[in-house]
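Undergrad:
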Amino acid sequence: KTIFNLIMRSGVPIDLALSIIGLHLPEIIVMTIPIGVLLGTLLVFNRLSGDSEIIALRTSGVSFYRIMIAPLLFGLLTSFMSFGLNELIVPVANRTSKKLEFLALYKAEMPSGTANFTYMQRDKNLQLERIYFVDKFDGEKLQNVIILDFTRNKLVQIISASQGIFKHGEWVLEKGRTYVVDASSDITRILQFQRLRIPGVKNAQKLMESGTVLPTEMNMWELGAHIATLKESNAVTNDLLVRFYQKFSQPLACLIVALAGAPLGLLARRSRSNIGLIYSAVIVFLYYVLQSTSGALGEAGRIHPMMAAWLPNTVIGTLGLIILYFKAK
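As structure tokens, then:
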């Protein structure tokens, strides 16, 4: 829909629109690989069961667990493929797609740096220490910097500067003023300065240099480093943690659905050839409902982010193991 709007409203060339669509394909493929694995294993075992191939194997002395080795290896292989695609291709494709979308909308290259940056620094007790505002950062210089200092849990001073640079682990602000605030929130003094050093800004600088990169534009190592930087200032958010754990849980879903799809395929009757498709649709619907629900609960802090990421796999995997156990008996 977004690409269609770009073509119709902004007059984006077809080749550019197709390039943007193509760059989104890796992310779509990663999301749909589990569906293909589930459908494939379920229909194959549905057909084997309908043609009495499973019965023939069992009467030949082949255990049910040995029969399950093939779909599990298939699920494991596709999990590795999905993980590699999600870590190596998807972040690069999404970053490139964002640049092309900016080019399509504004007919200009996406500017480097960061604009309207805000960072809240907290201590170990989650008490607010400072709030940083930077109007623009071009990779070298800071422009229009405002720092609110909340020492002793109250606003004590406001630092404002027209520009600054990052040097030796601190900000060096130039041509600014310091507004001293008393207990009643009144400004009591205004001090001008030509240069002022602000230490303890390494985390803010790291986040500002990373710009507005989304979790889908980072691999697990980049996202982990981003979260570690936020943790140092106790500013990490649940949505980032959920996305980080999903970097592991989503590729492994291929193995989980293979475990669930194979025994489900054996439940079908010969006269109900479409039952496999029905089972597949139910599992897919259940998986994505669980993923959306648990993700929302994790981001809201109702459940642990790790639990939010792994809950769909746990439920579907448990269902598959239960069916597998009864079929093996």
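Oh and the sequence shown: position 212 is 214 in my numbering, straight run, nothing missing.
Ideal placement from N, C-alpha and C gives every residue a C-beta, glycine not left out.
Computed from a prediction, not measured in an experiment: that's the story for all the values here.
So, does the segment 120-137 touch the segment 241-255, judging by three or more C-beta pairs under 8 Å?
TA: The segment 120-137 is not in contact with the segment 241-255.
Undergrad: For the alpha helix (DSSP H) containing G86, list its first residue and its last residue.
TA: Run containing G86: 71-86, per the alpha helix (DSSP H) assignment.
Undergrad: Just to confirm, are P307 and G297 a CB contact at a threshold of 7 Å?
TA: Taking 7 Å as the Cβ cut-off, P307 and G297 do not qualify as a contacting pair.
Undergrad: Go ahead and label D184 buried or exposed: buried means 16 or more other beta carbons lie within 10 angstroms of its beta carbon, across all protein chains shown.
TA: Classification of D184: exposed, given that the 10 Å Cβ count is below 16.
Undergrad: Are the CB atoms of V174 and R199 nearer to each other than 7 Å?
TA: Yes, the Cβ-Cβ distance between V174 and R199 is below 7 Å.
Undergrad: Taking buried to mean at least 16 other C-beta atoms within 10 Å of its own C-beta, is S273 buried or exposed?
TA: Bear in mind that the predicted position of S273 carries a pLDDT of just 47, short of 50, making it too unreliable to give a figure here.
Undergrad: What number of angstroms, rounded off, separates the C-alpha of Q194 from the C-alpha of G166?
TA: Distance between the alpha carbons of Q194 and G166: 15 Å.
Undergrad: Under 8 Å Cβ to Cβ from E172, same chain only, skipping five residues before and after it: list those, please.
TA: Answer for E172: R199, I200, P201, G202, V203, listed in chain order.
Undergrad: Go through its chain and collect everything with a Cβ distance to S84's Cβ below 6 Å, but skip five positions before and after it.
TA: Excluding positions up to five away in sequence, the list reads V32, I35, P253, C256.
Undergrad: Does DSSP put I161 in a helix, in a strand, or in coil?
TA: DSSP places I161 in strand when its eight states are reduced to three.
Undergrad: Among the residues of its own chain, which have a CB less than 8 Å from the CB of L90, if the five just before and after it don't count?
TA: Same-chain partners within the cutoff: N221.
Undergrad: For the candidate residues L150, A264, D241, whose alpha-carbon lies nearest to that of A72?
TA: Nearest of L150, A264, D241 to A72, Cα basis: A264.
Undergrad: Please report the Cβ distance between I280 and N315, rounded to the nearest whole angstrom; I am assuming they are in contact, meaning their Cβ atoms lie under 8 Å.
TA: Contact doesn't hold; Cβ gap of about 22 Å is too wide.
Undergrad: If we call anything under 7 Å between Cβ atoms a contact, is N96 one with E224?
TA: Not closer than 7 Å, so no.
Undergrad: Is it buried or exposed, N155, if we count other Cβ atoms within 10 angstroms and call 16 or more buried?
TA: Exposed: under 16 other Cβ atoms inside 10 Å.
Undergrad: Using the three-state DSSP reduction, which class does K126 fall into: helix, strand or coil?
TA: Of the three classes helix, strand and coil, the one that applies to K126 here is coil, per DSSP.
Undergrad: With distance defined between alpha-carbon atoms, name the residue in I160, K169, S187 nearest to G178.
TA: For the residues I160, K169, S187, the minimum Cα distance to G178 belongs to I160.
Undergrad: Which of the three DSSP states, helix, strand or coil, is assigned to S273?
TA: Note that S273 has pLDDT 47, beneath the 50 cutoff, so the model's placement of it is unreliable and the number below is only indicative. In the structure shown, S273 sits in coil (DSSP, three-state: anything other than H, G, I, E or B).
Undergrad: Under 8 Å by Cβ, that's how I've got I324 and Y289 pegged, so tell me the actual separation to the nearest angstrom.
TA: Between Y289 and I324 the Cβ distance is about 16 Å, and since that is not below 8 Å, they are no contact.
Undergrad: Look up Q145 in the DSSP assignment and give the residues it is bridged to.
TA: Its beta-bridge partners are K138, Q165.
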